Amino acid sequence: MQIFISWSGVMAQRCAEALRDWLPYMNQAITPFVSSQDISKGERGLNKIADQLQECSFGIVCVTRANQSAPWINFESGALSRELGESSLIPFLIDMQVKDLSSGPLTQFQAVDGSHQSDVWEMVKAINAKCDAAVELDRLRKTFERWWGDLEEQLSTIRGEQPVANGPQRDVAEILDELVKLVREQHTRIGALEKVIGNSGATLHAMNERAEVQIAGRSERAKRSNKVEHWGRAEKELWEIMGHEYLERTKISGGILTCYVNEKGLERVRQMSKKLQELAEQSGVGVDFYGPGGMILVSFPPF
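Dropping the structure here:
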């Protein structure tokens, strides 16, 4: 079974290489793939990534304090999760704890703290379970305990050789504040959804309750017309952000803007990821990108 290991930065690269050499000891069927180039440099074609992903059944993203907020995280994690599934993608934290993950795409996955033996053991079990020739659990545990010290020592050396990241650890108050914001966002979204349902002219009725037929009036038609115009403006702005030479075609339906890019457009999507996410959030329109082969590359949600 092939495992795709992503990295960016010296510390993450060394961690990826350590995992590449260590994981096959757990199960000889494991074949990790580590690119020789930094994915943040834009030197590796995204079409090549797609080809490699098709042969992989598991993905590991090596995360540090320095790279966790980098634009490539959003793009590459999205591509990996769509190709492999969320349960088959693990952020491997090198110099930070799970609670220190900033809000972003990585928080939706089950992250592993590389300094905790129990976390790494759970990752090894998950990978082994994906293998066609899975190792029996008792034997896997003995193998893990035999080789864990080697990986722990390598990771400790890697952390010690790198300068301490400037980013401060998140305290409890900050984490609680973020949770409050998330709850408020959920409340706002639910309220917006209820408003949309109310504006649609639909009425909910209990069983055996007489329902009155409602006919859409001018106000409803005007609202639909405004919505179509709003979607059209978002589509026009996307063409301005991407550039005509990178897009094959676009279409918008149900508040989702679907975009098909050519081979040159693959790298353009990653370069403009920040502006594309801002467009999605400000317009309230989700943006999905598909590559030349028809495989979805990344989605930018409208929130």
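The sequence shown lines up with residues 14 to 316 when you count with the working numbering.
In this text, a Cβ means the ideal position worked out from N, Cα and C, and glycines have one as well.
None of the values given here were measured: they were computed from a predicted structure.
8 Å contact criterion, which residue i and residue j should meet: CB distance rounded
{"i": "residue 274", "j": "residue 260", "result": "6 Å"}
{"i": "residue 133", "j": "residue 106", "result": "Wrong, their Cβ atoms sit about 11 Å apart, outside the cutoff."}
{"i": "residue 113", "j": "residue 35", "result": "Incorrect: roughly 24 Å between the Cβ atoms, too far for contact."}
{"i": "residue 27", "j": "residue 171", "result": "5 Å"}
{"i": "residue 287", "j": "residue 258", "result": "At roughly 20 Å, the Cβ-Cβ gap does not stay under 8 Å, so residue 287 and residue 258 are not in contact."}
{"i": "residue 48", "j": "residue 14", "result": "Going by Cβ atoms, the distance from residue 48 to residue 14 rounds to 18 Å, so no, they are not a contact pair."}
Residue i versus residue j: straight-line alpha-carbon distance, rounded
{"i": "residue 43", "j": "residue 143", "result": "10 Å"}
{"i": "residue 96", "j": "residue 300", "result": "18 Å"}
{"i": "residue 262", "j": "residue 255", "result": "12 Å"}
{"i": "residue 282", "j": "residue 123", "result": "26 Å"}
{"i": "residue 160", "j": "residue 285", "result": "42 Å"}
{"i": "residue 11", "j": "residue 120", "result": "Here the chain covers residues 14 to 316 and nothing more, so residue 11 does not appear."}
{"i": "residue 245", "j": "residue 78", "result": "39 Å"}
{"i": "residue 98", "j": "residue 76", "result": "19 Å"}
{"i": "residue 154", "j": "residue 23", "result": "31 Å"}
{"i": "residue 83", "j": "residue 20", "result": "11 Å"}
{"i": "residue 111", "j": "residue 104", "result": "10 Å"}
{"i": "residue 168", "j": "residue 312", "result": "33 Å"}
{"i": "residue 303", "j": "residue 252", "result": "15 Å"}
{"i": "residue 146", "j": "residue 46", "result": "19 Å"}
{"i": "residue 295", "j": "residue 250", "result": "11 Å"}
{"i": "residue 68", "j": "residue 158", "result": "29 Å"}
{"i": "residue 272", "j": "residue 264", "result": "7 Å"}
{"i": "residue 156", "j": "residue 148", "result": "10 Å"}
Environment of residue i [buried if 16+ CB atoms lie within 10 Å]
{"i": "residue 31", "result": "buried"}
{"i": "residue 115", "result": "exposed"}
{"i": "residue 314", "result": "exposed"}
{"i": "residue 37", "result": "exposed"}
{"i": "residue 40", "result": "buried"}
{"i": "residue 173", "result": "exposed"}
{"i": "residue 319", "result": "Residue 319 falls outside the range modelled here, since the chain spans only 14 to 316, and no answer is possible."}
{"i": "residue 239", "result": "exposed"}
{"i": "residue 151", "result": "exposed"}
{"i": "residue 247", "result": "buried"}
{"i": "residue 108", "result": "buried"}
Contact check, residue i vs residue j, beta carbons under 9 Å
{"i": "residue 102", "j": "residue 137", "result": "no"}
{"i": "residue 279", "j": "residue 305", "result": "yes"}
{"i": "residue 93", "j": "residue 72", "result": "yes"}
{"i": "residue 29", "j": "residue 80", "result": "no"}
{"i": "residue 268", "j": "residue 307", "result": "no"}
{"i": "residue 140", "j": "residue 18", "result": "no"}
{"i": "residue 310", "j": "residue 91", "result": "yes"}
{"i": "residue 130", "j": "residue 165", "result": "yes"}
Any non-hydrogen atom of the ligand ZN within 8 Å of residue i CB
{"i": "residue 285", "result": "For the ligand ZN, the structure offers nothing, since it holds no ligand at all."}
Alpha helix (DSSP H) runs contained entirely in the stretch 24 to 49, provided each spans 4 or more residues:
none
Could you name each continuous beta strand (DSSP E) segment of 3 residues or more that falls completely within the stretch 72 to 159, going from the start of the chain to the end?
102 to 106
Beta strand (DSSP E) segments (min. 3 residues) lying fully within the stretch 264 to 309:
269 to 274 and 299 to 303
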